[in-house]
Amino acid sequence: HKTHEFLPLKEQYERKKAELGKTEAEIQEMIQKRRLKIQEIKHSVDLSKEAADREKAEGVQVFTALKESVERSLNELIETFEEKQRTTEKQAEDFIKELEQEISELKKRSSEVEKLSHSEDHLHLLQNFPSLKAAPPTKDWTEVSIRPSYEGTVVKAVAQLEETLSKQMKKLLAEVELKRVQQYA
Numbered sequence: 167h168k169t170h171e172f173l174p175l176k177e178q179y180e181r182k183k184a185e186l187g188k189t190e191a192e193i194q195e196m197i198q199k200r201r202l203k204i205q206e207i208k209h210s211v212d213l214s215k216e217a218a219d220r221e222k223a224e225g226v227q228v229f230t231a232l233k234e235s236v237e238r239s240l241n242e243l244i245e246t247f248e249e250k251q252r253t254t255e256k257q258a259e260d261f262i263k264e265l266e267q268e269i270s271e272l273k274k275r276s277s278e279v280e281k282l283s284h285s286e287d288h289l290h291l292l293q294n295f296p297s298l299k300a301a302p303p304t305k306d307w308t309e310v311s312i313r314p315s316y317e318g319t320v321v322k323a324v325a326q327l328e329e330t331l332s333k334q335m336k337k338l339l340a341e342v343e344l345k346r347v348q349q350y351a
């Protein structure tokens, strides 16, 4: 009887031991799967960092180009205003010179008229009167003015900048897309 009981105990023991071995193998497989998952996640993080760095570099490149465009346009706008101001100043300077020249000629004529009006020589006065009566040739200044027009300059510059940026954006984005396609090809 004792040997009969002993066999089932040993049998049970062997079965349970085999089950434990199977359980241990399953646990080891689960550990291995999780280790692989860790490697997969780490690899994904590395790929993500590479992609982020690449996208960041492309973003910096695109925005730097756009910023430079805006700065160039601003400098051109400032130069336009300065050039218009220089032109206005030169025009004013020329008008002033011309006016001063006319004033000088008118003073000279005024002096001659005054001198003649004090003359006691009748013949001299009558002979010179016609030439002094007519005013010296001068310009009609009534329509002359200095009115520089800056109106619309900023709006025009912004519209031009918008067009430039739009073209540049299309070009830069096409280049970025081309790089991406070449990278995965």
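Numbered per our numbering, the sequence shown spans residues 167 to 351. From the three backbone atoms N, C-alpha and C, an ideal C-beta is built for every residue, glycine too. Computed from a predicted structure; not experimentally measured.
Proximity winner among the options, relative to residue i (alpha-carbon distances)
i, options, result
"V279", "E268, E264, E266, P296", "P296"
"Q304", "G318, E266, L243", "Looking at the sequence provided, one finds Thr at residue 304 rather than Gln. Per the Cα distances, E266."
"V228", "A191, I193, M196, L338", "L338"
"P302", "K274, L327, D287", "K274"
"N241", "F261, L327, G187", "L327"
"L282", "S270, L298, L272", "L298"
"Q349", "S270, E177, Q194, A217", "A217"
Supposed close pair residue i, residue j - CB separation, criterion 8 Å
i, j, result
"Y316", "K250", "7 Å"
"F247", "T319", "7 Å"
"S239", "A323", "6 Å"
"L291", "S285", "5 Å"
"V310", "F261", "6 Å"
Own chain, CB closer than 7 Å to residue i, minus 5 neighbours either side, in chain order
i, result
"D306", "none"
"L331", "L232, S235"
Neighbourhood of residue i by C-beta distance below 8 Å, restricted to the same chain and skipping five residues each side
i, result
"T254", "I312, P314"
"E224", "V342, K345"
"L243", "T319, V320, A323"
"Q334", "A231, L232, S235"
Same chain, Cβ closer than 6 Å to residue i, five either side skipped, listed in chain order
i, result
"E268", "T304"
"E288", "Rather than Glu, the amino acid found at residue 288 in this sequence is His. So the list is empty, once near-sequence residues are dropped."
"L272", "none"
What alpha helix (DSSP H) runs, 4 residues minimum, are completely inside the stretch 261-325? 288-299
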